[in-house]
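Enquirer: Residue numbers (our numbering): 3 to 175.
Every residue gets a Cβ at the ideal spot worked out from N, C-alpha and C, and that includes glycine.
What you are looking at is a predicted structure, and each value in this text was computed from that prediction instead of being measured.
Before I ask anything, here is the structure I am working with.
What follows is the structure, given as structure tokens:
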């Protein structure tokens, strides 16, 4: 980059690229209809928690059922579309069996790690938090001191008690 204009254009391009990647990875992929149902459910929950009327509770329950059915229908549609694009013989990217195995697999969420009052975000912060936690939990036992000095004397002697090994004779029936 030889000129200031090229540098400005490159930095602007890089900034726009980073912003686009952040927004595409940050925002949920839920449809607008589902987002509106979630907002409606949250609003109705707030109304019911303030009033505690039966009519507000029934409206909240109705909104919850509608949202559940909408989410279930969306998930089923996604699975159906994914399976339609797969080939049964596995000539494509994945076989039908592997795709259904992946879609039906339960995903266990990884909980975030708290570092004091902040969240540990990077791998290094998570490792340091784990190290400090394990160092606090697993401490070696403190020495009790010598109860009897004769024990140390006996243990440090050579050839303490030399018993012959007991010979084992199997019993014959």
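Quick one: grab the DSSP three-state call for residue 115.
Expert: In the chain shown, counting from the first residue as 1, residue 115 sits at position 113. Residue 115 falls in the strand class under three-state DSSP.
Enquirer: Compute the Euclidean distance between the alpha carbons of residue 108 and residue 171, then round it to the nearest angstrom.
Expert: The residue given as residue 108 occupies position 106 in the chain shown. The residue given as residue 171 occupies position 169 in the chain shown. Rounded to the nearest angstrom, the two C-alpha atoms are 58 Å apart.
Enquirer: Are the beta-carbon atoms of residue 131 and residue 112 separated by less than 8 Å?
Expert: Indexing the chain shown from 1 puts residue 131 at position 129. Indexing the chain shown from 1 puts residue 112 at position 110. Contact flag unset, no.
Enquirer: Considering only residues of the same chain and omitting the five flanking positions on each side of residue 72, which have a CB-CB separation below 8 Å?
Expert: Taking the first residue of the chain shown as 1, we reach residue 72 at position 70. If we look at residue 72 and ignore the five residues flanking it on each side, its Cβ neighbours are 35, 36 and 39.
Enquirer: Quick one: Cα of residue 31 to Cα of residue 141, how far?
Expert: Here residue 31 refers to the residue found at position 29 of the chain shown. Here residue 141 refers to the residue found at position 139 of the chain shown. Using only the alpha carbons, I get a separation of about 46 Å.
Enquirer: So what's residue 122 in DSSP terms, helix, strand or just coil?
Expert: Within the chain shown, the letter at position 120 stands for residue 122. Residue 122 falls in the strand class under three-state DSSP.
Enquirer: Between residue 60 and residue 45, what straight-line distance do the alpha-carbon atoms span, to the nearest angstrom?
Expert: In the chain shown, residue 60 corresponds to position 58, counting from 1. In the chain shown, residue 45 corresponds to position 43, counting from 1. One C-alpha to the other measures close to 14 Å.
Enquirer: Expressed to the nearest angstrom, what Euclidean distance is found between the alpha-carbon atoms of residue 153 and residue 123?
Expert: Taking the chain shown and counting its residues from 1, the one referred to as residue 153 is at position 151. Taking the chain shown and counting its residues from 1, the one referred to as residue 123 is at position 121. Each residue's Cα considered, the two are about 52 Å apart.
Enquirer: Can you check whether the CB of residue 84 is closer than 8 Å to the CB of residue 101?
Expert: Within the chain shown, numbered from 1, the residue matching residue 101 stands at position 99. Within the chain shown, numbered from 1, the residue matching residue 84 stands at position 82. Cβ distance < 8 Å, so residue 101 and residue 84 count as in contact.
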